[in-house]
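Numbering (the numbering used here), first residue to last: 5 to 226.
Here is the structure we will look at, set down as structure tokens.
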């Protein structure tokens, strides 16, 4: 009698335990649902999506208590998979990387390692920058893409070029070392900023020889 009662109670508890485990898993994945994974002209399997979500989340929470969102985009060109990762850390602070490989897992692993390497290198400086950036001055600027003059008609007014794209972005007030850090974290070839020391507009750009060029604007009297 006791054995039958135990079996009955055990059968009642088992679904309850299973529902609790499902509840915990649901919380776990909802906590990571700020990671968006998509494919461009390629289908992504459930196993790959789960692998990317768990590994990227693990990489980020190792260095950040929280982050706004993360986007992972896969695309396929010929026989190679491309992977682009963009992490929105805070407000206008991003960490980005991209890579390619002959399979999607390999492409993501390379991009993820780049993210970890860059964040690990600049972790302390990045945290200092996040604190200071809350008080820093920012200015709006506009970036334009102008239609290729070679493809334009010869009678078109050269003083009024055709603008095919316009993007607004913020000019941050940064030290040169912070600008170098953000340029590398964002995987960019150049960065436009206001120099914290002299308040002038500066430009950093990656040279073909691997070094970084630095342009410091100065007022010139006519």
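For every residue, glycine included, the Cβ atom is placed at its ideal position computed from N, Cα and C.
Roughly how many angstroms separate the alpha carbons of residue i and residue j, rounded to a whole number?
i           : j           : result
residue 55  : residue 220 : 44 Å
residue 206 : residue 174 : 14 Å
residue 21  : residue 59  : The predicted position of residue 21 is uncertain, since its pLDDT is 45 and thus under 50; a value taken from the coordinates is nonetheless stated next. Cα to Cα, residue 21 sits roughly 27 Å from residue 59.
residue 211 : residue 184 : 13 Å
residue 204 : residue 216 : 18 Å
residue 125 : residue 97  : 16 Å
residue 68  : residue 38  : 14 Å
residue 63  : residue 108 : 18 Å
residue 88  : residue 53  : 14 Å
residue 47  : residue 40  : 14 Å
residue 1   : residue 195 : Limits of the chain in this structure are 5 at one end and 226 at the other, which puts residue 1 out of reach.
residue 180 : residue 51  : 42 Å
residue 31  : residue 66  : Confidence at residue 31 is low in this model, with a pLDDT of 38, below 50, so its placement is unreliable and the value that follows should be read with caution. Near 19 Å, if we compare the C-alpha coordinates of residue 66 and residue 31.
How is residue i classed by DSSP in three states: helix, strand or coil?
i           : result
residue 68  : coil
residue 49  : coil
residue 212 : coil
residue 63  : helix
residue 192 : coil
residue 149 : Residue confidence for residue 149 is low, a pLDDT of 45 falling below 50, so the modelled location carries little weight and cannot support an answer.
residue 181 : helix
residue 222 : coil
For residue i, write down the residues that DSSP places opposite it in a beta bridge.
i           : result
residue 108 : Per DSSP, none; premise fails for residue 108.
residue 200 : Residue 200 is not bridged to any residue.
residue 114 : DSSP output for residue 114 lists no bridge partner at all.
residue 74  : 39, 91
residue 254 : Residue numbering for the chain in the displayed model covers 5 to 226; residue 254 lies beyond these limits and cannot be assessed.
residue 84  : 81
residue 44  : 79
residue 2   : There is simply no residue 2 to check, as the chain begins at 5 and stops at 226 in what is shown.
My guess is that residue i and residue j are in contact by the Cβ rule of under 8 Å, so how many angstroms apart are they, rounded?
i           : j           : result
residue 128 : residue 77  : Not a contact, Cβ separation roughly 30 Å.
residue 72  : residue 99  : Not a contact, Cβ separation roughly 11 Å.
residue 101 : residue 118 : 4 Å
residue 200 : residue 178 : 6 Å
Is the beta carbon of residue j closer than 8 Å to that of residue i?
i           : j           : result
residue 74  : residue 91  : yes
residue 193 : residue 209 : yes
residue 1   : residue 106 : With the chain represented from 5 up to 226, any question about residue 1 goes unanswered, as that position is not in the structure.
residue 198 : residue 176 : yes
residue 85  : residue 70  : no
Taking only heavy atoms of the ligand GTP into account, decide whether any of them is closer than 7 Å to the Cβ of residue i.
i          : result
residue 39 : With respect to small molecules bound, the structure shown includes none, and the ligand GTP cannot be examined in it.
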